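Chains as they are written, first to last, in numbering that gives the first Met the number 0: chain A, 0 to 100; chain B, 0 to 102; chain C, 0 to 315; chain D, 0 to 166.
Contents: one structure, followed by commentary.
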Amino acid sequence: MLLDLASNLLLLAGGFFFCAGTVGLLRFPDVYTRLHALAKADNLGLGCLLAGLALKADSLVQAIKLLAIWPLVLVASAVVGYAIAHRADQLGITPWQRDDR
Amino acid sequence: MIGSELLLALLLLVNLGAALVRAAQGPTAADRMLAALLFGSTGVGILVLLAVIQQTPALIDVALTLALLAAISGIAFAQRAWSQAVLGRRRGTASKTEDGDAA
Amino acid sequence: MNAALTFDTLLALLLLWSAWQALSTPKLDRAVIMFIVFGLLLTLVWSRLDAPDIALAEAALGAGLTGTLLLDALAAFGQTGQPAGNTGFVTTIKRFPTILVLLVLLAALLAALSKLPLQAVNLPAMVAQQMPDSGVSHPVTAVLLNFRGYDTLLEVAVLMLALLGILTVGLPVERPLLSRNLLVPILARYAVPLMTLAAIYLLWAGSHRPGGAFQAAAMLAAGVVLLNLAQVQPRWIPGQHWIRQLISAGFLLFLCIAALLLMLNGGLLHYPPDQAGLLILLIESGLTVSLAINLAAFYLLRSDRPEPLPNQEDEP
Amino acid sequence: MIRGKSDVKIMIGCLLRRTVGFALVWWVATEGNFTAWPLAVIAVAVTVAVSLRLLPPGSTPGLSLSGMAGFVGYFFRQSIRGGFQVSRLALQRQLQLRPAILELPVTLPTGLPRLLLIATLGLMPGTLGVRLEDDLLYLHVLDTGLPVVEETAQLSGHIARMLGVNR
Numbered sequence: 000m001l002l003d004l005a006s007n008l009l010l011l012a013g014g015f016f017f018c019a020g021t022v023g024l025l026r027f028p029d030v031y032t033r034l035h036a037l038a039k040a041d042n043l044g045l046g047c048l049l050a051g052l053a054l055k056a057d058s059l060v061q062a063i064k065l066l067a068i069w070p071l072v073l074v075a076s077a078v079v080g081y082a083i084a085h086r087a088d089q090l091g092i093t094p095w096q097r098d099d100r
Numbered sequence: 000m001i002g003s004e005l006l007l008a009l010l011l012l013v014n015l016g017a018a019l020v021r022a023a024q025g026p027t028a029a030d031r032m033l034a035a036l037l038f039g040s041t042g043v044g045i046l047v048l049l050a051v052i053q054q055t056p057a058l059i060d061v062a063l064t065l066a067l068l069a070a071i072s073g074i075a076f077a078q079r080a081w082s083q084a085v086l087g088r089r090r091g092t093a094s095k096t097e098d099g100d101a102a
Numbered sequence: 000m001n002a003a004l005t006f007d008t009l010l011a012l013l014l015l016w017s018a019w020q021a022l023s024t025p026k027l028d029r030a031v032i033m034f035i036v037f038g039l040l041l042t043l044v045w046s047r048l049d050a051p052d053i054a055l056a057e058a059a060l061g062a063g064l065t066g067t068l069l070l071d072a073l074a075a076f077g078q079t080g081q082p083a084g085n086t087g088f089v090t091t092i093k094r095f096p097t098i099l100v101l102l103v104l105l106a107a108l109l110a111a112l113s114k115l116p117l118q119a120v121n122l123p124a125m126v127a128q129q130m131p132d133s134g135v136s137h138p139v140t141a142v143l144l145n146f147r148g149y150d151t152l153l154e155v156a157v158l159m160l161a162l163l164g165i166l167t168v169g170l171p172v173e174r175p176l177l178s179r180n181l182l183v184p185i186l187a188r189y190a191v192p193l194m195t196l197a198a199i200y201l202l203w204a205g206s207h208r209p210g211g212a213f214q215a216a217a218m219l220a221a222g223v224v225l226l227n228l229a230q231v232q233p234r235w236i237p238g239q240h241w242i243r244q245l246i247s248a249g250f251l252l253f254l255c256i257a258a259l260l261l262m263l264n265g266g267l268l269h270y271p272p273d274q275a276g277l278l279i280l281l282i283e284s285g286l287t288v289s290l291a292i293n294l295a296a297f298y299l300l301r302s303d304r305p306e307p308l309p310n311q312e313d314e315p
Numbered sequence: 000m001i002r003g004k005s006d007v008k009i010m011i012g013c014l015l016r017r018t019v020g021f022a023l024v025w026w027v028a029t030e031g032n033f034t035a036w037p038l039a040v041i042a043v044a045v046t047v048a049v050s051l052r053l054l055p056p057g058s059t060p061g062l063s064l065s066g067m068a069g070f071v072g073y074f075f076r077q078s079i080r081g082g083f084q085v086s087r088l089a090l091q092r093q094l095q096l097r098p099a100i101l102e103l104p105v106t107l108p109t110g111l112p113r114l115l116l117i118a119t120l121g122l123m124p125g126t127l128g129v130r131l132e133d134d135l136l137y138l139h140v141l142d143t144g145l146p147v148v149e150e151t152a153q154l155s156g157h158i159a160r161m162l163g164v165n166r
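Here it is, written out as structure tokens:
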């Protein structure tokens with residue numbers, strides 16, 4: 000089935016982005032860069048995952064309900080990301096710079 | 000195709016475990032909080048997958064609740080809790096750990 | 000290959016590890032954040048155990064409200080709490096009576112546990128048998144509000160007692176926000192109507208699927224807390240009597256209906272099967288409002304004495 | 000504050016839009032179950048009342064539908080790009096980050112348009128809003144070589160078209 004294939008591909012992509020976000024959280028050097036990793040990779044991962052599951056949903060309204068989770072998480076993570084970056088800046092945390100030795 | 004969802008849920012759970020390492024290491028309070036935020040978004044993903052795997056649509060409501068509420072502790076952290084005293088150090092560099100006791 | 004078993008084992012290990020981290024660290028911020036993480040893992044555990052009701056309550060209370068409350072407490076105490084690691088000889092002596100009492104309690108509990116008959120009654124079957132008389136179609140709501148209504152009554156009373164305790168010990172003074180940003184008020188103004196709708200949805204859902212008064216109240220209380228963080232809703236002060244009146248109102252409604260049924264039917268909270276559905280919805284609505292204000296009061300109720308040191312740091 | 004006829008019109012339009020909107024949300028949440036319609040009516044009424052209290056009619060800008068379609072399309076494209084870019088940066092054997100804080104002038108009017116810009120930039124490739132001071136936006140960027148200025152201008156354009164304001 001084409002739909003099943005597309006759904007599984009989306010699920011796979013979701014898993015990939017989630018992993019990339021976690022690797023970013025572990026490897027990136029400071030608060031700001033880690034926020035980047037979370038805000039972009041994780042949210043895209045969740046979007047792919049929800050879209051993949053929505054393709055397999057029993058009814059249209061259930062698919063919409065699944066997809067409706069995404070904007071909620073997006074808005075929340077955008078506001079929290081800005082709040083934490085703003086507070087970090089206010090505390091005088093300077094962004095990590097590459098030491099060009 | 001329940002198998003693929005279960006494997007993906009397992010993968011996300013491994014991600015949570017890795018994020019738990021970041022929450023334990025810090026070095027700053029903000030880094031721990033970021034790990035908690037990752038728990039929020041990844042947790043929503045796992046809950047939705049479990050809803051499909053276990054055929055329990057009610058878990059989608061749980062995911063929705065989590066999505067609506069996960070932001071509040073992050074905002075409370077940024078606006079009320081994160082102060083210089085908690086932070087300790089001005090430069091947030093990964094090489095130095097603030098906690099000598101980081102597990 | 001058994002992916003489900005691997006998943007459950009890993010989940011259990013993560014849960015135990017985060018619990019250990021939260022308890023063992025001497026640093027308060029780490030303990031609090033680990034506790035938030037622990038709550039999120041617990042939500043997943045309840046989901047795996049096929050208990051979506053408890054998962055929903057844990058997601059609403061544990062991940063949303065408790066974490067926020069603890070972070071607020073952390074900000075109030077700072078890092079001044081002495082490290083937990085100083086176990087000198089004197090402290091051990093001081094703690095000895097406490098440890099002794101706890102050990103005796105543990106022994107008593109273990110003794111009681113060993114006497115407990117295993118699988119004495121088949122509870123799910125009994126619940127299913129009585130379901131037609133309960134007035135609702137979701138077993139957990141039926142158990143909580145019909146078959147064991149007095150239990151819920153007592154739980155609500157416990158929350159009220161907690162608030163009474165806070166009022167007795169003395170409210171903390173209000174502290175201004177450390178940081179303000181312009182996005183949070185906008186988020187609050189757009190999100191809180193949605194959270195209200197979600198709360199009523201959870202209340203409705205409680206009659207036939209996971210949901211109910213506690214979860215709806217937690218959602219509403221979280222909305223009030225968000226409004227407070229956005230500086231749309233100012234702190235509550237003890238002089239505002241409507242807070243106490245509303246908190247008592249839900250409890251009193253529950254009590255009145257219970258007393259009425261006692262007089263009519265001769266049993267505490269024995270609903271007549273025909274009106275059970277409506278009565279339960281009425282009680283749940285009253286409880287939701289009371290519980291929401293009670294939960295939000297833990298966070299919003301502050302002493303009306305002024306803050307001695309204003310500490311404004313941010314742009315207006 | 001309802002004074003003239005036009006205010007009444009605004010009020011009615013606002014009520015109508017919000018009622019329909021929240022009823023749709025209720026329909027999705029209950030998965031199309033309308034057995035409990037009296038409760039649904041109460042729920043929508045309470046929600047509309049709360050939303051009127053928090054966002055009085057006239058405080059929300061009118062949305063242009065075509066502008067919104069453009070914004071959503073741009074948002075999708077850019078968030079996919081952003082996800083790929085962060086993944087690439089995270090998975091490289093050696094970290095290739097060249098982060099910095101840039102100052103950009105903002106031309107969007109104050110209020111919602113600016114705030115939407117900051118919020119959206121946090122989800123776009125390589126940018127994260129840090130501070131807004133007068134007309135200057137401080138952005139943390141992952142790589143100084145990225146076309147941040149052009150992309151921010153494009154995003155501002157989409158927001159301006161969606162909300163019907165000048166950039």
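Backbone N, C-alpha and C define an ideal beta-carbon position, used for all residues, glycine too.
A quick note: this is a predicted structure, and the numbers were derived from the prediction, not measured.
It is roughly 23 Å from the alpha-carbon of residue 114(D) to the alpha-carbon of residue 142(D). Closest in C-alpha terms to residue 137(D), from the list 31(A), 5(A) and 2(A), comes 31(A). Checking the DSSP bridge columns, you'll see residue 172(C) partnered with 302(C).
Pairing residue 50(A) with residue 1(A), the inter-Cα distance amounts to about 15 Å. With a threshold of 8 Å between beta carbons, residue 186(C) makes contact with chain A.
When Cβ-Cβ separations below 8 Å define contact, residue 6(C) makes contact with chain B. Against chain A, a Cβ distance below 9 Å from residue 61(B) picks out nothing, because the smallest value is about 11 Å.
Counting only Cβ-Cβ distances below 7 Å, residue 79(B) has contacts in chain C at 70, 71, 74, 176 and 177, in chain order. Under DSSP, residue 139(D) forms a beta bridge with 100(D) and 127(D).
In the displayed model, residue 283(C) falls within a helix according to three-state DSSP. For the pair residue 15(D) and residue 56(C), the Cα-to-Cα distance works out to about 34 Å.
At a beta-carbon threshold of 8 Å, the residues of chain D lying near residue 16(A) are 82 and 86, ordered along the chain. Taking 8 Å as the cut-off, the Cβ atoms of residue 54(C) and residue 42(C) count as close.
About 7 Å separates the beta carbon of residue 237(C) from that of residue 170(C), a gap short enough to meet the 8 Å contact definition. Neighbours of residue 22(A) in chain D, taken as residues whose beta carbon is under 9 Å from its own, are 86, 89 and 90 in chain order. Against chain C, the beta carbon of residue 155(D) has no neighbour under 7 Å; the closest one sits roughly 17 Å away. The region 83–92 of chain D and the region 146–159 of chain D do not touch, with fewer than three beta-carbon pairs separated by less than 8 Å. A distance below 8 Å separates the beta carbons of residue 126(D) and residue 120(D).
For the pair of segments examined, the region 180–198 of chain C was found to touch the region 217–236 of chain C: the number of CB pairs separated by less than 8 Å reaches three. In this structure residue 72(A) is buried. Its beta-carbon is surrounded by 16 or more other beta-carbon atoms within 10 angstroms. For residue 88(A) and residue 200(C), the gap between their C-alpha atoms comes out near 39 Å. DSSP places residue 150(D) within a helical segment (H, G or I) once states are collapsed to three.
By DSSP's assignment, residue 132(D) forms a beta bridge with 135(D). A Cβ-Cβ separation of about 7 Å places residue 61(B) in contact with residue 46(C) under the 8 Å criterion. Judged by DSSP secondary structure, residue 7(A) falls within the alpha helix (DSSP H) whose first and last residues are 1–26. Looking at the DSSP output, residue 235(C) bridges to 300(C). In the structure shown, residue 30(D) falls within a coil segment according to DSSP collapsed to helix, strand and coil.
Straight-line spacing of the CA atoms in residue 5(B) and residue 48(B) works out to 7 Å. By the Cβ neighbour-count rule, residue 19(C) is exposed, with fewer than 16 other Cβ atoms within 10 Å of its own.
The Cβ atoms of residue 70(B) and residue 38(B) do not sit closer than 8 Å to each other. Around residue 47(D), the same chain offers 14, 17, 18 and 21 as residues with beta carbons nearer than 8 Å, after the five sequence neighbours per side are excluded. By the CB criterion at 8 Å, residue 24(A) and residue 36(A) fall inside the cutoff. With a beta-carbon spacing of about 6 Å, residue 294(C) and residue 217(C) fall inside the 8 Å limit used to define contacts. Taken through DSSP and simplified to helix, strand or coil, residue 49(C) comes out as coil. Against chain C, a Cβ distance below 7 Å from residue 105(D) picks out nothing, because the smallest value is about 13 Å. Annotation: the continuous alpha helix (DSSP H) that includes residue 30(B) extends over 28–52.
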